[in-house]
Each structure stands twice: as structure tokens, then as C-alpha cells.
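Below you'll find the structure, written out as C-alpha cells, and then a few comments.
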Amino acid sequence: MTGLVDALVNAAKQRLDGAVAAGRLTQAQENEMLSGLRDRITSLVNSTPPSGDRFAPPPFGFRRFGRPPI
11 MTGLVDALVN AAKQRLDGAV AAGRLTQAQE NEMLSGLRDR ITSLVNSTPP SGDRFAPPPF
71 GFRRFGRPPI
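Using my numbering, the letters of the sequence shown correspond one by one to residues 11 to 80.
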């Protein structure tokens with residue numbers, strides 16, 4: 011997982027460096043965004059996805075949401 015975290019951190023750093031070079035961010039803003047980035051990405055990589063099927067239909071109570079009662 012370390013390789014994945016390193017790749018994500020490096021990609022974020024490159025994008026932020028580009029934003030600083032283009033004048034969209036200051037160096038101080040980039041430093042603030044980079045502080046703790048490795049820890050946040052590591053937590054994201056090591057977390058488990060939420061349970062349940064993402065493509066399942068909504069729960070029963072929401073099927074009629076917004077429709078007039080029958």
C-alpha cells in the first residue's frame with residue numbers, strides 16, 4: 011500500500027505545484043494543503059468501503075418520495 015500512497019501524494023503535489031506556478035495558489039496555501047496529506051491519504055487507502063450495494067434501489071420508504079399518495 012505504500013506505493014499507492016506515494017503515488018497519490020506525488021500526484022497531488024504535482025497538481026499543487028502546477029497551481030502555484032500558474033498563480034492560482036500561493037506557496038503558503040500549497041504548504042497548508044500538503045500538511046497532513048500523507049496521513050489523510052493513508053487513512054483513505056486503509057479504510058473499508060461502506061456496506062451495502064451502491065447500485066441497489068433505494069429503501070422502501072423512498073420509492074414514493076415526492077409522489078402523491080395513491
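Beta carbons: idealized from backbone N, C-alpha and C, even for Gly.
Is the distance from the Cβ of Q106 to the Cβ of V30 below 8 Å?
As shown, the chain starts at 11 and ends at 80. That puts residue 106 outside it, with no answer to give.
Would you mind sorting L26 into buried or exposed? The rule is 16 or more other CB atoms within 10 Å of its CB.
Translated into the one-based positions of the sequence shown, residue 26 becomes position 16. Within 10 angstroms of the beta-carbon of L26 lie 16 or more other beta-carbons, which makes it buried.
Are N41 and M11 close, meaning C-beta to C-beta below 8 Å?
Numbered from 1 along the sequence shown, position 31 holds the residue referred to as residue 41. Numbered from 1 along the sequence shown, position 1 holds the residue referred to as residue 11. No, they are not a contact pair.
Going by beta-carbon coordinates alone, are L54 and V19 separated by less than 8 Å?
As a first step, residue 54 must be located in the sequence shown, where it is residue number 44. As a first step, residue 19 must be located in the sequence shown, where it is residue number 9. Contact flag unset, no.
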